[in-house]
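S.K.: In my numbering, the protein residues as written are 26 to 320. Every residue gets a Cβ at the ideal spot worked out from N, C-alpha and C, and that includes glycine. I'd like to ask some things about the structure below.
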Ligand SMILES: [Zn+2]
């Protein structure tokens with residue numbers, strides 16, 4: 026009987042051990058589950074935390090993407106407008122909006138060519154006689170040009186060259202009679218090749234003069250070989266004059282080679298243009314429209 030009791034006791038112990046073990050396992054499982062819940066709760070709360078942080082974090086990336094697109098598109102159109110703007114500005118300039126230094130009648134750079142008409146009936150206010158030999162009446166020029174011409178005349182004389190001019194300032198009405206006389210003889214197209222239309226002549230600025238020697242070379246390309254022609258070509262810029270219509274530049278100036286026609290622009294401007302090349306034109310140097318008449 027004692028052994029039976031022992032067996033029963035052992036069984037009880039075993040059952041109790043199993044119970045304790047199962048309780049422990051259950052507690053362990055519960056603990057583990059609880060931990061998992063806590064973890065997922067923490068995981069959910071950290072995502073929300075990182076979610077609130079994410080926007081701020083993604084605000085940084087989204088700030089840089091939003092900067093890039095906002096910069097890139099705003100740059101691209103800016104470049105587009107920057108690309109089209111310069112193309113429009115010269116076009117606008119070539120139309121009528123030349124810088125005032127080329128349109129202001131007091132400017133020594135006032136432009137008279139086939140693309141830019143002088144103001145209707147323009148007469149320079151400071152015309153004076155240059156006081157040098159002139160074969161065609163008066164040698165009227167604007168006063169700064171007249172003073173420079175006198176200096177140039179004296180300098181050439183010192184070098185043994187006797188300068189003389191045929192005409193300097195021409196009024197619009199005089200140019201008109203000249204031009205329409207040519208039109209009656211050669212037609213408009215023919216007249217345009219040898220004479221300026223009224224209002225378009227460099228001579229009307231009071232800053233231009235035609236030099237002559239009284240021989241066959243007058244108003245001829247061979248004037249470049251005369252004493253006056255040679256001296257002027259290499260010295261005129263020192264006194265503020267440029268050869269207005271150099272050889273081979275008729276497409277730019279609108280006129281054939283005229284080695285006798287000089288235009289006063291001031292010594293600084295003349296030296297700068299001459300330094301750019303002996304055949305540099307006013308139109309090239311100042312990048313102003315030139316060539317033939319628009320119509
Ligand atoms: Zn001339």
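(1) Below 8 Å between beta carbons: does that hold for residue 153 and residue 168?
(2) Roughly how many whole angstroms lie between the Cα atoms of residue 192 and residue 173?
(3) Would you mind listing the beta strand (DSSP E) stretches within the stretch 236-270 that are 3+ residues and don't spill past its ends, in chain order?
(4) Mind checking residue 312: buried by the 16 CB within 10 Å criterion, or exposed?
(5) Run the Cβ filter for me: residues under 6 Å from any heavy atom of ligand 1, listed in the order they occur in the chain.
(6) Hey, how far is the Cα of residue 220 from the Cα of residue 320?
(7) Got a sec: is the Cβ-Cβ distance from residue 281 to anything in chain D below 8 Å?
(8) Is the separation between the beta-carbon of residue 194 and that of residue 222 shorter than 8 Å?
(9) Would residue 234 and residue 267 qualify as a contact pair, given that the criterion is a beta-carbon distance under 8 Å?
(10) Give the range of the beta strand (DSSP E) segment to which residue 283 is assigned.
(11) In whole angstroms, what is the alpha-carbon distance linking residue 127 and residue 160?
(12) Report the partner residues of residue 166 according to the DSSP bridge assignment.
(13) Quick test of the definition: if touching needs 3 or more C-beta pairs under 8 Å, does the stretch 222-231 touch the stretch 243-256?
(14) Just how far apart, CA to CA, sit residue 280 and residue 178?
(15) Would residue 318 and residue 217 be called neighbours here (beta carbons separated by less than 8 Å)?
(16) When the Cα atoms are used, what is the spatial distance from residue 272 to residue 303?
(17) Around the C-beta of residue 315, are 16 or more other C-beta atoms found within 10 angstroms, so that it is buried, or is it exposed?
(18) Taking only three categories from DSSP, how would you classify residue 92?
(19) Pick from 209, 181, 264: whose alpha carbon is nearest that of residue 291?
(20) Quick check: the Cα distance between residue 143 and residue 278, rounded to an integer number of angstroms?
(21) Give the straight-line distance between the Cα atoms of residue 294 and residue 129, rounded to the nearest whole angstrom.
(22) Within the continuous alpha helix (DSSP H) that includes residue 298, where are the two ends?
(23) Assign residue 158 to buried or exposed, taking buried as 16 or more other Cβ atoms, counted over all protein chains shown, within 10 Å of its Cβ.
M.R.: Taking the geometry as given:
(1) Going by C-beta atoms, residue 153 is nearer than 8 Å to residue 168.
(2) 16 Å
(3) Runs found: 266-270.
(4) exposed
(5) Qualifying residues come out as 228, 233, 235, 286.
(6) 16 Å
(7) Among the chains in the structure shown there is no chain D, since it carries only a single protein chain.
(8) no
(9) no
(10) 283-289
(11) A straight-line Cα-Cα distance of about 30 Å links residue 127 and residue 160.
(12) According to the DSSP secondary-structure assignment, residue 166 is paired through a beta bridge with 153.
(13) no
(14) 26 Å
(15) yes
(16) 10 Å
(17) buried
(18) Caution applies to residue 92, whose pLDDT of 33 falls short of 50 and renders its modelled position unreliable; the model cannot decide the point.
(19) Considering only alpha carbons, the answer is 264.
(20) Note on geometry: alpha-carbon atoms of residue 143 and residue 278 lie some 16 Å from one another.
(21) 16 Å
(22) 292-300 is the span of the alpha helix (DSSP H), which, as asked, contains residue 298.
(23) exposed
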